[in-house]
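Below is one structure, written out as structure tokens; the observations come after it.
2 protein chains.
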Amino acid sequence: MKIALAQLNFHTGNFALNTGKIISCLDKAKKEGADLVVFPELCICGYPPRDFLEFSDFIHLCREQVDHIASCCKGIAAIVGAPSVNPQVEGKDLFNSAFFLCDGKVHSIRNKTLLPTYDVFDEYRYFEPNRSFEIVTYKNTRIALTICEDLWNINHNPLYITTPMDELIKQYPDLIINIAASPFSHQQSANRTAVLQNNARKYGLPVIYVNHAGAQTELIFDGGSMVLNAKGEIVNQLKYFEEDLSYVITTEINTLPAETTAQDKYASIYKALVLGTRDYFDKLGFKQAILGLSGGIDSALVLCIAAEALGKENVRAVLMPSQFSSDHSISDSLKLAANLGVKHDIIPIEKAFNQFRELLQPVFENRPFDLTEENMQARCRGLLLMSMSNKFGYILLNTSNKSELAVGYGTLYGDMCGGLSVIGDLYKTEVFELCRYINRSTEIIPNEIITKAPSAELRPDQKDSDSLPEYHVLDPVLYAYIEECKGPKEIIAAGHDANVVERILRLVNLNEYKRHQTPPILRISPKAFGMGRRLPIVAKYLI
Amino acid sequence: MKIALAQLNFHTGNFALNTGKIISCLDKAKKEGADLVVFPELCICGYPPRDFLEFSDFIHLCREQVDHIASCCKGIAAIVGAPSVNPQVEGKDLFNSAFFLCDGKVHSIRNKTLLPTYDVFDEYRYFEPNRSFEIVTYKNTRIALTICEDLWNINHNPLYITTPMDELIKQYPDLIINIAASPFSHQQSANRTAVLQNNARKYGLPVIYVNHAGAQTELIFDGGSMVLNAKGEIVNQLKYFEEDLSYVITTEINTLPAETTAQDKYASIYKALVLGTRDYFDKLGFKQAILGLSGGIDSALVLCIAAEALGKENVRAVLMPSQFSSDHSISDSLKLAANLGVKHDIIPIEKAFNQFRELLQPVFENRPFDLTEENMQARCRGLLLMSMSNKFGYILLNTSNKSELAVGYGTLYGDMCGGLSVIGDLYKTEVFELCRYINRSTEIIPNEIITKAPSAELRPDQKDSDSLPEYHVLDPVLYAYIEECKGPKEIIAAGHDANVVERILRLVNLNEYKRHQTPPILRISPKAFGMGRRLPIVAKYLI
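First to last, the protein sequences are chains Z and H. Here the numbering used here is used: the first residue of the first sequence is 1, the next is one more, and so on. Here the numbering used here is used: the first residue of the second sequence is 544, the next is one more, and so on.
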């Protein structure tokens, strides 16, 4: 049997687009002599559909698309992912299903057993877990048809008490097909490959794995679909970060040569952020971005990513110096804009800042310049950028990094403004690494921007290190707390200074209220702020 | 057996406070001759602890508190709620547990079976469901000990395939105890009472129900703990919206006279919003609020609630007129501030607004005044309020209502600023009703504010109805879409104009990006924006 792996970029709720893509892919595969085309999990509606699943209208539309696609499956079969209605009165009303389509109709439906409900996943919010197991037979091939997480219960501390393949293997399948919606993080590609290899080896079966490629708000699906032989070797590796269509003949899987695959961390992150930015704009129907260029490394990095994602002609950089800006901030910014060929504006904020100080003088009286006045400057900039965004239809790109967001080193409604946070899941030390990656062959980002001491330039001679520990001290503590969920005792025991640790953890928890109001953050780590990390604002732990 | 119902206000992660309250309650109940004190679900750590449950440090601290409280249980028993570690390697690592404490130690642990994972609840994100059932026997009383949702699988379309009481009833319990964390919505008190009555009747047992009282960020726990006899009659009703401690003697339950309880919708909402506002400040350690007073009904309502919650001396109202403000907006605002005895400031924004227009003139050239300039005014006001908030340590109260948030009729970083959205879960028509409730005996809110046509006053002679359908048309469509999850066909079929419906639904979906950045919203409905309604930003459905 010749099977096509259709790794496509879907758009949540865009039924016309998704169905169109699926049908044109079916046509193409049919011409290539494929017997079966495998599409990813919930491809009909896009992943994750979130609470749209609570609308029966939405569920009906999904089913209509499935039936329409089924009617096109003549002389070819397809596996598509969509929600289906649970016929039992007990339990949740929906299943997360794989529809097997052939002979112009729905041949069979298999439901997802293991419903990831952690990190960015909320599947048990919507779906009833499957409890019955049956392979799908097509053209004499016995297929163990599984959905994403169904293969992930294979480590030493399994999250679920049922392992679907342990049930399906009793029915002597010939191969495993897994349709997935597995978002990128910089560790995910290696984890995912290991999980698929472990399944191939444990059950002694080839595995055909099909993932999404494309971003949905904060989640970036990196593709990387693949075919593994029964020894767990990859024999067909689809592209990362783009659509791809590939074929495999089932009888040949165990004789194909093994391929190797390795993803460089920063090369992957760069591609992910470019794809995430591009899809955010494309799928919302926007073309152009604006951002504030401060002369610092964060906005420099975001500008590079935006120019790559949207085209340099679609990005506008605005320099907004104040009386506290250094000359090199302007000159470094101009040099970067010139290197990238991006147009820029210069709008000094001093007059607006002074105007607000004057308006507030009767209220503030002679109170000294403090954080308030620093925030006022950031908010004058936010106001200018948002005004240009409104007037010209740009999306404002936010330039906060994960270290800043963690400790609240940013101004709500100031530099925390924006429609999309491009680098909000990169620690500052990772920002430096990614800039070095971008500069690996040519100096695109002026070296001065990378080497100078980070500063918000909101008061004379300010440095980030006046308010925060140095980033090489800060970031490992943040990593231990945020990514590894270690408590203060464990972090201190690992050799970090107790006062520093307590101060940092306190800042992280205190600033939950700021993070509640950040733009969506492109996710590149296993623990991103936003939908992946959910903490109460009002809480006392470690404060 | 004499049982105490301890309905207390806990603080998430504040172990010292929570344990202190529990122990002092135990002391008091012991003096009153109680045999057992029942505390609510997860009272040790507060509800909901959210991702703090992923920190083993947090889990250890919970267990330490439980053991400490157990050591105080001499001559008295207690039931407290806390997470416990799942001893099995398969499945999630935690249970949501009820600890039965007596004789100075943990006597037994019972785990929650039904884990709500819908709306604002995420319990399956953290907990493994219980699968074994055993009553707790104490002083010859056989107790069916259940946790909140465990009693809720009792309607015609049950959400779960297991009903814990159907298992426990086989062991001939004498009564049901249910420890709960059931947040307020204006329908919840009636629903909850019905569920408890149905359980009492179905199993022919008395029910002792203990809930939290107090707010945790957006969730407001309204108390309302109760005792029902085996006929489902309420024989002991604890207070709503405050802490309470009450006693019942188990042998007397079926002979006590029945009480009736009825909650008026707007009286309850008012109490809920006052409690929600007060606890947000108290638990964050803040005392004072600031807000912009526009002369409109929304800010008027928020000012009333804030004055009641925090004391009039702790609220500062700021009038920020522009060239487009009407005279009556100022005079109505002054009258309201005077009625409430709240201090006010007047800071005209015209100079700041003009300054920004001047700064942007080289970029905007001669483009006409449009939504950009409207937003600029709102953002000048946001900047002034945030500056005062920063300088004096106030929390800014947001005054957006649910209708505006639904259709995006508000300015991000402008009138959408704030630390807490007080009325963001009230439709505009409910805002009017609540104001009438506040004015039920005296005119606190000047009548002119209630009767005039709503306007943002951001351009000459503007009315909300220039941009939006009238609220009596808008709100029912919003309600059908947001609360009832009806699709366009169903809403139109119910008699609404097709063009209006399509326009409104499109606006709701388009403005998901704005709602992503709103402050936490006090929840008073069964479907509140924020953690209760989770939609993708990038999606095409109905757009």
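C-beta: ideal position from N, C-alpha, C; glycine also.
query = Got a sec: which bits of the segment 919 to 948 of chain H sit with their beta carbon under 8 Å from any beta carbon on chain Z, in order along the chain?
reply = When C-beta distances to chain Z are compared with 8 Å, the residues of the segment 919 to 948 of chain H below that value are M919, R922, C923, G925, L926, L927, M929, S930, M931, N933 and K934, in chain order.
ask   = So, is the C-beta of H1087 of chain H closer than 8 Å to a C-beta in chain Z?
value = Outside the displayed range of chain H (544 to 1086) lies residue 1087 of chain H, so it cannot be described from this structure.
Residue(s) in a DSSP beta bridge with M769 of chain H = In the second sequence, counting from the first residue as 1, residue 769 of chain H sits at position 226. Bridge partners of M769 of chain H: H:Y752 and H:Q780.
Boundaries (first-last residue) of the alpha helix (DSSP H) holding H1059 of chain H = Here residue 1059 of chain H refers to the residue found at position 516 of the second sequence. Following the DSSP letters along the chain, one finds H1059 of chain H in no alpha helix (DSSP H), marked with neither H nor E.
message = Going by the DSSP bridge assignment, what does T689 of chain H pair with across the sheet?
response = Position 146 of the second sequence, counting from 1, holds the residue named residue 689 of chain H. DSSP, once it has assigned bridges, lists H:N721 as partnering T689 of chain H.
According to DSSP, residues forming a beta bridge with H344 of chain Z = Along the first sequence, read from residue 1 onward, the residue named residue 344 of chain Z stands at position 344. In the DSSP output, where bridge partners are listed per residue, H344 of chain Z has Z:A317.
inquiry  = Considering just the uninterrupted stretch of the beta strand (DSSP E) at K428 of chain Z, what are its terminal residues?
reply    = Here residue 428 of chain Z refers to the residue found at position 428 when the first sequence is read from its first residue. Taken as a continuous stretch (DSSP letters only), K428 of chain Z belongs to no beta strand (DSSP E), being part of the alpha helix (DSSP H) at K428 to I438.
ask   = Y667 of chain H versus chain Z: which residues are under 7 Å apart at the beta carbon?
value = Position 124 of the second sequence, counted from the first residue, corresponds to residue 667 of chain H. Within chain Z, the residues placing a beta-carbon under 7 Å from that of Y667 of chain H are T117 and Y124, ordered along the chain.
inquiry  = Please list, in chain order, the residues of the segment 213 to 226 of chain Z that have any C-beta partner in chain H closer than 7 Å.
reply    = Those residues of the segment 213 to 226 of chain Z placed with their C-beta closer than 7 Å to a C-beta in chain H are Q216 and T217, ordered along the chain.
message = Can you pull the chain H neighbours of G345 of chain Z, defined as C-beta to C-beta under 7 Å?
response = Locating residue 345 of chain Z in the first sequence gives position 345, where the first residue counts as 1. Sequence inspection shows Asp at residue 345 of chain Z; the Gly mentioned does not correspond to that position. Within chain H, the residues V906 have their CB atoms less than 7 Å from the CB of D345 of chain Z, given in chain order.
request  = Assess, as a yes-or-no matter, whether the segment 421 to 434 of chain Z is touched by the segment 518 to 530 of chain Z under the definition of 3 or more beta carbon pairs within less than 8 Å.
outcome  = Yes, since at least three Cβ pairs between the segment 518 to 530 of chain Z and the segment 421 to 434 of chain Z fall closer than 8 Å, the two stretches touch.
inquiry  = Between I526 of chain H and chain Z, is any beta-carbon pair separated by less than 8 Å?
reply    = Because chain H here runs from 544 to 1086, residue 526 of chain H falls outside it and cannot be looked at.
inquiry  = Using C-beta distances below 8 Å, list every residue in its chain close to Y1056 of chain H, excluding the 5 sequence neighbours before and after it, in chain order.
reply    = Mapped onto the second sequence, residue 1056 of chain H falls at position 513. Apart from the 5 residues on each side of it in sequence, Y1056 of chain H sits with its Cβ closer than 8 Å to the Cβ of I1080 in its chain, given in chain order.
query = Between the segment 544 to 560 of chain H and the segment 426 to 446 of chain Z, do at least 3 Cβ pairs fall closer than 8 Å?
reply = No: the two stretches stay apart, fewer than three of their Cβ pairs being nearer than 8 Å.
request  = Name, please, each residue of chain H whose Cβ falls closer than 9 Å to the Cβ of H11 of chain Z.
outcome  = Numbered from 1 along the first sequence, position 11 holds the residue referred to as residue 11 of chain Z. Contacts between H11 of chain Z and chain H, judged by CB atoms closer than 9 Å, involve V1081, A1082 and K1083 in chain order.
query = Span of the alpha helix (DSSP H) holding N897 of chain H?
reply = Position 354 of the second sequence, counting from 1, holds the residue named residue 897 of chain H. Per DSSP, N897 of chain H belongs to the alpha helix (DSSP H) from E893 to F907.
key: Boundaries of the alpha helix (DSSP H) in which G936 of chain H is found, first to last residue   = Position 393 of the second sequence holds residue 936 of chain H. No alpha helix (DSSP H) holds G936 of chain H; DSSP gives it neither H nor E.
query = Can we say the segment 999 to 1007 of chain H touches the segment 887 to 896 of chain H, given the rule of at least three CB pairs closer than 8 Å?
reply = No: fewer than three Cβ pairs fall under 8 Å.
message = Residues of chain H with CB closer than 9 Å to the CB of G487 of chain Z, please, in chain order.
response = The residue you call residue 487 of chain Z lines up with position 487 of the first sequence. Per Cβ cutoff of 9 Å: F598, S599, D600, F601, H603 and L604.
inquiry  = Tell me the residue span of the beta strand (DSSP E) that contains F643 of chain H.
reply    = Locating residue 643 of chain H in the second sequence gives position 100, counting from the first residue. Per DSSP, the continuous beta strand (DSSP E) segment holding F643 of chain H begins and ends at L637 to C645.
query = Beta carbon of T113 of chain Z, beta carbon of P164 of chain Z: below 8 Å?
reply = In the first sequence, counting from the first residue as 1, residue 113 of chain Z sits at position 113. In the first sequence, counting from the first residue as 1, residue 164 of chain Z sits at position 164. Note that the C-beta distance between T113 of chain Z and P164 of chain Z is below 8 Å.
ask   = Hey, would you say D665 of chain H sits closer than 8 Å to G487 of chain Z, going by beta carbons?
value = As a position in the second sequence, residue 665 of chain H is number 122, starting the count at 1. As a position in the first sequence, residue 487 of chain Z is number 487, starting the count at 1. Not a contact, by the Cβ cut-off of 8 Å.
ask   = For G341 of chain Z, is the classification buried or exposed, using 16 other Cβ atoms within 10 angstroms of its Cβ as the cut-off for buried?
value = Counting from one through the first sequence, the residue named residue 341 of chain Z turns up at place 341. Counting Cβ neighbours within 10 Å, G341 of chain Z comes out exposed, since fewer than 16 surround it.
task = Using a Cβ cut-off of 8 Å (strictly closer), state whether F356 of chain Z contacts chain H.
result = Along the first sequence, one-based indexing puts residue 356 of chain Z at 356. Interface annotation, F356 of chain Z: in contact with chain H, CB-CB separation under 8 Å.
query = If you pair each beta-carbon of the segment 804 to 824 of chain H with each one of the segment 942 to 952 of chain H, do three or more pairs fall below 8 Å?
reply = The segment 804 to 824 of chain H makes no contact with the segment 942 to 952 of chain H: fewer than 3 CB pairs, one atom from each, lie closer than 8 Å.
message = Only counting the same chain, and skipping five residues up and downstream in sequence, which positions put a Cβ closer than 6 Å to that of F529 of chain Z?
response = Residue mapping note: residue 529 of chain Z aligns to position 529 of the first sequence, counting from 1. The residues are L405, R515 and I521.
request  = Classify F369 of chain Z as helix, strand or coil using the three-state DSSP reduction.
outcome  = As a position in the first sequence, residue 369 of chain Z is number 369, starting the count at 1. F369 of chain Z falls in the coil class under three-state DSSP.
query = Among H:P701, H:N561 and H:K573, which has the Cα closest to the Cα of P87 of chain Z?
reply = Residue 87 of chain Z sits at position 87 when you count from the first residue of the first sequence. Among H:P701, H:N561 and H:K573, the Cα nearest to that of P87 of chain Z is on H:P701.
task = Measure the alpha-carbon distance for S24 of chain Z versus H68 of chain Z and round it to whole angstroms.
result = Here residue 24 of chain Z refers to the residue found at position 24 when the first sequence is read from its first residue. Here residue 68 of chain Z refers to the residue found at position 68 when the first sequence is read from its first residue. One alpha carbon belongs to S24 of chain Z, the other to H68 of chain Z, and they sit about 13 Å apart.
ask   = Comparing alpha-carbon positions, which option in Z:D93, Z:T162 and Z:A144 lies nearest E128 of chain Z?
value = Stepping through the first sequence from its first residue, residue 128 of chain Z is reached at position 128. Closest option to E128 of chain Z, judged by alpha-carbon separation, among Z:D93, Z:T162 and Z:A144: Z:D93.
Chain H contact residues for K351 of chain Z, given Cβ-Cβ distances below 7 Å = Translated into positions along the first sequence, residue 351 of chain Z becomes position 351. Ordered by position in chain H, the residues that pass the 7 Å Cβ test against K351 of chain Z are Q898 and L902.
key: Outcome for P257 of chain Z when other beta-carbon atoms lying within 10 angstroms are tallied against a minimum of 16   = As a position in the first sequence, residue 257 of chain Z is number 257, starting the count at 1. P257 of chain Z counts as exposed, since fewer than 16 other beta carbons sit within 10 angstroms of its beta carbon.
inquiry  = I'd like to know if the segment 364 to 379 of chain Z and the segment 932 to 949 of chain H are in contact, where contact means that at least 3 CB-CB pairs between them fall below 8 Å.
reply    = Touching, per the Cβ criterion.
ask   = Do we get a CB-CB distance below 8 Å when we pair V473 of chain Z with the residues of chain H?
value = Numbered from 1 along the first sequence, position 473 holds the residue referred to as residue 473 of chain Z. No, V473 of chain Z lies away from the interface with chain H (no Cβ there is under 8 Å from its Cβ).
request  = Run the proximity test for Q517 of chain Z: is its beta-carbon closer than 7 Å to any non-hydrogen atom belonging to the ligand SAH?
outcome  = The ligand SAH is absent from the structure shown, which contains no ligand whatsoever.
ask   = Just how far apart, CA to CA, sit S998 of chain H and D709 of chain H?
value = Counting from one through the second sequence, the residue named residue 998 of chain H turns up at place 455. Counting from one through the second sequence, the residue named residue 709 of chain H turns up at place 166. Rounded to the nearest angstrom, the two C-alpha atoms are 56 Å apart.
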